[in-house]
Amino acid sequence: MGDEKVSQILKRRLLSKGLFRQAHSARVCAISDEVGGGEFVSVSYKNGVLKIKSKSGASAYLLKVKQQELIHKINDTLGSQVVKRVVICLGD
Numbered sequence: 001m002g003d004e005k006v007s008q009i010l011k012r013r014l015l016s017k018g019l020f021r022q023a024h025s026a027r028v029c030a031i032s033d034e035v036g037g038g039e040f041v042s043v044s045y046k047n048g049v050l051k052i053k054s055k056s057g058a059s060a061y062l063l064k065v066k067q068q069e070l071i072h073k074i075n076d077t078l079g080s081q082v083v084k085r086v087v088i089c090l091g092d
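Quick note on numbering: full-length UniProt numbering labels position 61 of the sequence shown as 61, and the sequence is numbered without any gaps.
This is the structure in structure tokens:
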């Protein structure tokens with residue numbers, strides 16, 4: 001246990017408390033918001049599907065066009081192929 005990294009300890013503790021999935025989802029959403037730079041707001045992440053909210057129809061269309069690029073940037077930032085699909089919804 002002396003050589004264990006903080007990230008490993010945290011992961012183990014989150015798993016033991018049943019909170020790892022929620023923490024992982026929150027991290028994916030936070031990274032997504034950073035990558036998006038204010039173009040959208042991340043709503044949720046579950047089972048490879050990231051749900052984002054766009055401010056307008058025009059913005060949603062542009063996000064749809066750039067969807068694969070967005071997925072690639074998010075996954076590159078996370079360091080693994082976590083996001084498989086993006087669902088875009090309109091919101092205010």
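Heads up, the beta-carbon is just placed ideally off N, CA and C, and yes, glycines get one too.
Close-in-space but distant-in-sequence residues of the same chain around residue i (CB under 6 Å, 5 per side omitted)
{"i": "V83", "result": "L50, I71, I74, N75"}
Contact set for residue i: own chain, Cβ-Cβ below 8 Å, skip 5 residues either direction
{"i": "G36", "result": "S42, I52, L70"}
Contact set for residue i: own chain, Cβ-Cβ below 7 Å, skip 5 residues either direction
{"i": "K64", "result": "I88"}
{"i": "R34", "result": "The amino acid occupying residue 34 in the given sequence is Glu; Arg does not appear at that position. Excluding sequence neighbours, E34 sits near nothing in its chain."}
{"i": "K46", "result": "S25"}
Beta-carbon separation (whole angstroms), residue i vs residue j, contact threshold 8 Å
{"i": "R21", "j": "G48", "result": "Rounded, the Cβ-Cβ distance is 13 Å, inconsistent with contact."}
{"i": "S59", "j": "S44", "result": "That belief does not hold up - the Cβ atoms of S59 and S44 are roughly 19 Å apart, past 8 Å."}
{"i": "L90", "j": "S32", "result": "Not confirmed; about 17 Å, so no contact."}
{"i": "V28", "j": "L62", "result": "Not really, about 21 Å apart at Cβ, beyond 8 Å."}
Element boundaries [alpha helix (DSSP H), containing residue i]
{"i": "L50", "result": "Segment 49-54 is the beta strand (DSSP E) holding L50; no alpha helix (DSSP H) there."}
Where the beta strand (DSSP E) through residue i begins and ends
{"i": "V83", "result": "V83 -> no beta strand (DSSP E), and no H or E assigned at all."}
{"i": "K46", "result": "40-46"}
Counterpart residues of residue i in DSSP-defined beta bridges
{"i": "L90", "result": "S54"}
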